[in-house]
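Colleague: Residues in the sequence shown are numbered consecutively from 1355, following the working numbering.
Structure provided below as structure tokens; questions to follow.
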Amino acid sequence: MPNRFSNRTIAIVDDDPDILQSMELAFRHEGAHVLTATDGLGALHIVRESRPALLVLDMMLPRSSGLLVLEKMQEEGIVLPVVMVTANQGRRHREFALGVGAKRYLFKPVSLVRLLEAAEELLREPGGQAATPA
């Protein structure tokens, strides 16, 4: 389904440049405007300033973990769909991430097809449309 993310801003945060680039290219290929960051502080800056339609967030990041980013977003009332991606298989981490705002939790190495499907599902859910930039 070409251009399923047309007119959508997607933020992707990962400290691995190869993973970041592959995710960015996958979303751009589907028509998204993509913003990227490589650490937690960059993630917070993007969500505060740009209010993307969706955030793809790595859990283990320098300068503020993905979990701390989610907590800060919750404290500040920033609500947007979040896909957490991580190599951490721990159940407690998954439960915590989902408890503080992640809507999907995918394990690395993540299939780009599965990531795009999860993003599309989230943007179709009630409230997912509201995050579309004006």
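Ideal Cβ positions, reconstructed from N, Cα and C, are used throughout, including at glycine.
This one's a predicted model, so the numbers in the text were calculated from it and none came from an experiment.
Can you tell me whether Ala1488 is buried or exposed? The criterion is at least 16 other CB atoms within 10 Å of its CB, across all chains shown.
Modeller: Confidence at Ala1488 is low in this model, with a pLDDT of 28, below 50, so the placement of that residue is unreliable and no value is reported for it.
Colleague: Taking a contact to mean a Cβ-Cβ separation below 7 Å, would you say Arg1458 touches Val1437 in this structure?
Modeller: A contact, by the Cβ cut-off of 7 Å.
Colleague: Out of Phe1450, Ser1419, Val1464, which has the shortest C-alpha to C-alpha gap to Ala1441?
Modeller: Among Phe1450, Ser1419, Val1464, the Cα nearest to that of Ala1441 belongs to Val1464.
Colleague: If you drop the 5 nearest sequence neighbours on each side, which residues of the same chain put their C-beta closer than 6 Å to that of Arg1448?
Modeller: Excluding residues within five positions, the ones whose Cβ falls inside 6 Å are Tyr1459.
Colleague: My output table needs one value for Met1414: the three-state DSSP class, helix, strand or coil.
Modeller: Three-state DSSP puts Met1414 in coil, outside helix and strand.
Colleague: Less than 8 Å between the CB atoms is what I'm expecting for Glu1479 and Val1454, so what's the real figure, rounded?
Modeller: With 8 Å as the limit, Glu1479 and Val1454 do not qualify as a contact, their Cβ atoms being about 18 Å apart.
Colleague: Among the residues of its own chain, which have a CB less than 6 Å from the CB of Gln1428, if the five just before and after it don't count?
Modeller: Once the five neighbours on either side are set aside, the close Cβ partners of Gln1428 are Val1454, Gly1455.
Colleague: Beta-carbon within less than 7 Å of Gln1443's beta-carbon, same chain only, minus the 5 sequence neighbours each way: which residues are those?
Modeller: Hits under 7 Å: Phe1461.
Colleague: Taking the alpha carbon of Gln1375 as the point to measure from, which residue in Gly1385, Ala1391, Ser1360, Arg1362 has its own alpha carbon closest?
Modeller: Closest by alpha carbon: Ala1391.
Colleague: What is the C-beta distance between Ala1297 and Ile1364, in whole angstroms, given that I count them as a contact (C-beta under 8 Å)?
Modeller: Since the first residue of the chain shown is 1355 and the last is 1488, residue 1297 is not available in this structure.
Colleague: Can you tell me which residues form a DSSP beta bridge with Ile1364?
Modeller: Bridge partners of Ile1364: Val1388, Leu1408.
Colleague: Assuming Ala1407 contacts Arg1362 (C-beta within less than 8 Å), just tell me the rounded distance between them.
Modeller: Contact holds; Cβ gap of about 4 Å.
Colleague: State yes or no: is the C-beta of Ile1366 within less than 7 Å of the C-beta of Glu1384?
Modeller: No. Outside cutoff.
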